[in-house]
Amino acid sequence: MQALGLIETIGLIAAIESADAMLKAADVNLLEKTYVGGGLVSIVVTGDVGAVKAAVDAGGAAVRNINDTLLVSQHVIPRPHEELDNIIVSAVPLKDRNI
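Counting along the sequence shown from 1, when you hit position 36 you're at 985 in the working numbering, and nothing is skipped either side.
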């Protein structure tokens, strides 16, 4: 599995803005958008470590540009264990799924 980048926001608008910035900033794939509950939304991207770091930085900055309080957390996992594929997210990018 490639690196994972995760951003958690308060509200869908901040999450969409974050995902848009991440996808525009670097060559990453969107894996998941998850409604965590309580207004929290998580966005997960994957790609090469450098691209994921750049994407997460851009996504976090985009959310802070809307309102500092909407960014709950951001994190990059450079080399996730292969078993995380089954626990955290689908290993198939959203654009490649038949849903």
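Even for Gly, the Cβ is constructed at its ideal location relative to N, Cα and C.
Rounded separation between residue i and residue j - CA only
i	j	result
residue 970	residue 981	15 Å
residue 1026	residue 996	11 Å
residue 975	residue 953	13 Å
residue 979	residue 959	19 Å
residue 973	residue 992	14 Å
residue 984	residue 990	5 Å
residue 1009	residue 956	7 Å
residue 1006	residue 961	19 Å
residue 986	residue 999	30 Å
residue 1023	residue 1012	11 Å
Best match in the options for proximity to residue i [C-alpha to C-alpha]
i	options	result
residue 967	1000, 976, 1014 and 987	1014
residue 1001	977, 964, 983 and 1009	977
residue 951	1016, 1004 and 994	994
Check: residue i C-beta below 7 Å from any heavy atom of the ligand PLP
i	result
residue 991	Looking for the ligand PLP in the displayed structure turns up nothing, as the structure carries no ligands at all.
Residue i, enclosing beta strand (DSSP E) - first and last residue
i	result
residue 1077	This structure cannot settle anything about residue 1077, because the visible part of the chain is limited to 950 through 1048.
residue 980	978-986
residue 1020	1020-1026
Unbroken alpha helix (DSSP H) run spanning residue i, endpoints
i	result
residue 1014	998-1015
C-beta contact flag for residue i and residue j at 8 Å
i	j	result
residue 963	residue 1033	no
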